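Keeping their order, the protein sequence lines are chains A and B.
Residue numbers for the first sequence follow full-length UniProt numbering, beginning at 1 and rising by one.
Residue numbers for the second sequence follow full-length UniProt numbering, beginning at 1 and rising by one.
Written out below as structure tokens is the structure these notes cover.
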Amino acid sequence: MKIGIPNSFCYMGMEKFLANFLSKISDESEVIFSGPTTNEMVEFGVQNSIEEICMPAKAFIGHVEYLAKYQKVDAILLPRLTSLRYRTYSCPKIIGIPDLVKTHYANMRIISPELNLRNGMSYVNDFLVELGKHFTNDKRRLKKIVEGFTNSELLEYFPPIVKDKKNILVLGHSYVIFDNNLNKGILQIIKDSGYNPIYPLYHHISDKDITLELPKPFFWSTAQNIYEYFYWAQKNLKLDGVVYLMTFGCGIDSILEEVIRRSCKILNLPYLCITLDEHSANVGIQTRIEAFIDMIGWRRENEDYISTHG
Amino acid sequence: MKITFPHMGNLYMIAKPLFEELGFEVIVPPPNNRKTLEIGKNYSPEFICMPFKLNIGNFVQAIEMGADTIVMFGGCGPCRFGYYGALQKEILKDAGFDVQMIVIEPLHYGIENFLSEAGKVFAKKNLIGILPKIYSLAKMIDRIEKRVHFLRPREMVKGNVDRIYNRFRIEALKTKGIEQMKKLTEATTVLLDNVYVVDENVKKIGIVGEIYTIIDDFANLNIEKIIGDMGYEVERNLYISYWIDNHLIYPLLRKKDLVVKRYSKDIMENLIGGHARETIAYAKWFESKYFAGIVHVFPLTCMPEIVAKSVLADLRNELRVPLLHIVVDEMESDVGLKTRLEAFLDLIESRSEKSGQAKLLSWN
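Written out as structure tokens, the structure reads:
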């Protein structure tokens with residue numbers, strides 16, 4: 001059986017975890033990834049989804065379309081990510097995306113076990129058992145595999161390199177930061193200008209000492225992660241600036257961006273917010289980043305300079 | 001302590017007597033209007049949903065009238081509403097308004113937290129005596145609204161019902177306490193019962209969507225009145241008492257809304273926040289009740305309703321009724337809305353003429 005997994009939106013970073021588990025549980029199944037986002041996929045996505053939905057979700061629909069059209073998969077694996085962290089939820093669009101795909105592709109087989117870590121990380125086991133049931137009837141074997149499997153990391157990303165100086169913190173959801181088509185290669189642009197981009201990852205820092213400065217902890221898994229990383233980074237790393245990658249129509253960003261902008265203002269950190277949508281062009285983003293970096297450069301040079309003109 | 005709270009349709013008719021019974025002075029912000037939205041827009045993040053902006057406008061206008069305490073609900077769900085209170089508190093503080101903001105968070109954030117915040121408001125008197133009265137008042141007010149929707153297309157002298165209803169909404173501001181409010185609702189009910197009715201076979205339009213925008217008639221540009229004046233009866237799924245039932249009473253009784261349970265089963269099994277599941281379930285329910293059309297209203301960038309819209313858009317071929325999506329934001333104009341509604345109702349008319357029977361409406 002050919003099973004498709006889209007490498008996009010909320011499933012980004014989970015592919016290895018899912019593919020490893022499927023290879024353990026069943027020998028006949030073959031996992032097919034949709035790969036990096038292409039312009040064609042974005043085009044597909046824009047055509048096949050409603051206009052109000054956020055940009056990453058549109059691209060995601062494009063990935064599903066690609067899997068269904070070109071790869072001829074028998075089923076698509078779309079876990080329902082209700083929660084990825086203790087006491088949080090995912091965004092409503094992420095929770096509802098399997099339903100959305102299910103109604104759009106009525107003839108496609110969609111496997112969507114629920115992943116709900118709202119009450120603790122140990123609930124990964126429940127998810128794996130539910131997933132495994134689609135492939136095997138041997139309950140004892142399934143249980144054994146699940147128990148041996150749970151130590152592996154759920155989300156895996158390429159970690160950033162942190163240097164002593166010239167660090168720029170790039171904030172945003174992981175599916176925007178790691179998708180070069182959506183963000184128009186922003187990490188590379190920053191690298192080319194001689195600065196070092198760092199970005200938040202899941203499961204990095206202990207979250208005990210952090211949430212205190214917020215008026216209220218975020219109830220979205222991603223928002224809480226991004227804010228914690230921001231908070232940790234501005235305390236422990238030397239940052240030259242913060243770039244926020246906001247996607248048009250993202251509900252979480254509309255609040256998180258406001259909170260981070262306010263903190264940057266208080267901390268006196270240079271801050272740039274870039275709103276991405278399907279119309280954003282490489283050149284426009286490049287210009288804005290370059291202008292921002294120039295501004296940081298002048299700021300560094302003139303740090304000790306006090307104007308005599310008053 | 002001069003207490004204020006945000007507007008949401010007729011919510012003030014329930015909140016005002018409640019706080020008065022508890023012994024506070026209440027300042028009701030001016031009804032939502034253009035200026036409210038303008039003020040809200042100035043202070044709010046750009047891409048936040050419209051209810052947030054209206055809330056901020058309400059608060060600022062109430063503060064100008066002398067309010068010093070704001071009561072707001074919190075939440076822990078995936079919908080953005082849960083973070084409203086926390087962010088509004090910061091925004092008002094930064095803008096230099098000196099007010100106390102009481103955000104009543106659900107028990108999820110700890111019972112001490114709940115008690116300390118809720119205690120500031122509710123500790124004074126015995127709640128057990130007041131809450132049942134408030135609940136029955138909420139039911140009565142919603143019944144009046146339903147009655148208005150029923151009478152608007154059927155009344156003999158046009159405009160009579162609206163006159164009574166507008167007067168009711170203005171008079172409600174002058175009452176004090178539950179008893180007076182109750183008397184006013186009873187008097188209004190009698191007035192509405194005496195409206196002369198032309199017995200016509202009136203077609204029904206169902207309204208589903210996001211709770212704030214379908215309950216608050218400024219937010220949806222009075223869509224119910226427009227449809228009612230065009231000669232259709234409006235029925236909607238969400239009322240303030242439905243919210244109380246569904247979020248406060250049913251969980252205690254371990255009950256569930258049966259319509260939602262039955263009609264969302266195959267399409268959306270899990271809760272995704274907001275009222276997306278209710279939207280889908282009630283759209284299907286209205287269809288099964290032979291409604292002539294369904295209007296889906298929600299604010300721009302509303303997270304759960306976008307999923308609901310997407311699902312409904314894909315179900316369009318299965319649903320036998322015409323469906324109109326209306327996205328409201330601060331740019332929406334009532335002329336544009338009227339044109340779209342007219343076109344939609346024309347479509348319904350022509351379809352029912354062709355087939356002869358409204359019951360046999362079908363896209364094929």
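Idealized CB from N, CA, C, for every residue including glycine.
Remember, predicted model here, so these are calculated numbers, not experimental data.
CA-to-CA distance, residue j to residue i, given in whole angstroms
i: residue 98 of chain A; j: residue 110 of chain B; result: 32 angstroms
i: residue 97 of chain B; j: residue 319 of chain B; result: 50 angstroms
i: residue 139 of chain A; j: residue 133 of chain A; result: 8 angstroms
i: residue 208 of chain B; j: residue 190 of chain A; result: 46 angstroms
i: residue 73 of chain A; j: residue 220 of chain B; result: 44 angstroms
i: residue 234 of chain B; j: residue 79 of chain B; result: 27 angstroms
i: residue 61 of chain A; j: residue 224 of chain B; result: 35 angstroms
i: residue 227 of chain A; j: residue 10 of chain A; result: 18 angstroms
i: residue 212 of chain B; j: residue 157 of chain B; result: 31 angstroms
i: residue 178 of chain A; j: residue 197 of chain A; result: 12 angstroms
i: residue 37 of chain B; j: residue 326 of chain B; result: 19 angstroms
i: residue 21 of chain A; j: residue 85 of chain A; result: 21 angstroms
i: residue 148 of chain B; j: residue 166 of chain B; result: 11 angstroms
i: residue 152 of chain A; j: residue 24 of chain A; result: 13 angstroms
i: residue 218 of chain A; j: residue 290 of chain B; result: 43 angstroms
i: residue 168 of chain B; j: residue 259 of chain B; result: 32 angstroms
i: residue 328 of chain B; j: residue 59 of chain B; result: 21 angstroms
i: residue 76 of chain A; j: residue 145 of chain A; result: 22 angstroms
i: residue 136 of chain B; j: residue 300 of chain B; result: 34 angstroms
i: residue 24 of chain B; j: residue 68 of chain B; result: 12 angstroms
i: residue 267 of chain A; j: residue 304 of chain A; result: 18 angstroms
i: residue 32 of chain B; j: residue 91 of chain A; result: 29 angstroms
i: residue 250 of chain A; j: residue 121 of chain B; result: 35 angstroms
Own chain, CB closer than 8 angstroms to residue i, minus 5 neighbours either side, in chain order
i: residue 230 of chain A; result: 169, 171, 200, 242, 260, 263
i: residue 368 of chain B; result: This structure cannot speak to residue 368 of chain B, because chain B is shown only from 1 to 364.
i: residue 250 of chain B; result: 256, 257
i: residue 65 of chain A; result: 41, 44, 45, 48
i: residue 292 of chain A; result: 241, 243, 270, 272
i: residue 89 of chain B; result: 101, 103
i: residue 330 of chain B; result: 37, 41, 50, 53
i: residue 177 of chain B; result: 17, 20, 21
i: residue 82 of chain B; result: 74, 75, 76
Exposure label - residue i; buried when at least 16 CB within 10 Å
i: residue 173 of chain A; result: buried
i: residue 36 of chain A; result: exposed
i: residue 128 of chain A; result: buried
i: residue 89 of chain A; result: buried
i: residue 167 of chain A; result: buried
i: residue 364 of chain B; result: Low confidence applies to residue 364 of chain B: its pLDDT is 44, below 50, so where it sits in the model is not reliable, and the reading given next is rough at best. Residue 364 of chain B comes out exposed.
i: residue 279 of chain A; result: exposed
i: residue 5 of chain B; result: buried
i: residue 253 of chain B; result: exposed
i: residue 126 of chain B; result: exposed
i: residue 14 of chain A; result: buried
i: residue 158 of chain A; result: exposed
i: residue 287 of chain B; result: buried
Nonlocal neighbours in the same chain, by C-beta distance under 7 angstroms from residue i, ignoring five residues either side
i: residue 153 of chain B; result: 202, 228, 231, 232, 233
i: residue 102 of chain A; result: 110
i: residue 6 of chain A; result: 34, 60, 63, 64, 67
i: residue 116 of chain A; result: 82, 83, 123
i: residue 95 of chain B; result: 43
i: residue 307 of chain B; result: 272, 276
i: residue 338 of chain B; result: 226
Contact belief for residue i with residue j at Cβ below 8 angstroms, rounded distance in angstroms
i: residue 50 of chain A; j: residue 309 of chain B; result: 6 angstroms
i: residue 57 of chain B; j: residue 2 of chain B; result: Wrong, their Cβ atoms sit about 18 angstroms apart, outside the cutoff.
i: residue 289 of chain A; j: residue 161 of chain A; result: The Cβ separation is near 19 angstroms, so there is no contact.
i: residue 238 of chain A; j: residue 165 of chain A; result: 6 angstroms
i: residue 48 of chain B; j: residue 221 of chain A; result: With a Cβ gap of about 20 angstroms, residue 48 of chain B and residue 221 of chain A do not count as contacting.
i: residue 192 of chain B; j: residue 151 of chain B; result: 6 angstroms
i: residue 181 of chain B; j: residue 17 of chain B; result: 5 angstroms
i: residue 304 of chain B; j: residue 276 of chain B; result: 4 angstroms
i: residue 99 of chain B; j: residue 70 of chain B; result: 6 angstroms
i: residue 56 of chain A; j: residue 154 of chain A; result: That pair is no contact at about 19 angstroms.
i: residue 324 of chain B; j: residue 293 of chain B; result: 7 angstroms
i: residue 276 of chain A; j: residue 256 of chain A; result: Rounded, the Cβ-Cβ distance is 15 angstroms, inconsistent with contact.
Own chain, CB closer than 6 angstroms to residue i, minus 5 neighbours either side, in chain order
i: residue 171 of chain B; result: 184
i: residue 117 of chain B; result: 102, 104
i: residue 309 of chain A; result: none
i: residue 3 of chain A; result: 29, 31, 75, 77
Any contact of the stretch 232-242 of chain B with the stretch 46-58 of chain B, i.e. 3+ C-beta pairs under 8 angstroms? Taking a cut-off of 8 angstroms on C-beta distances, the stretch 232-242 of chain B does not touch the stretch 46-58 of chain B, as fewer than three cross pairs fall below it.
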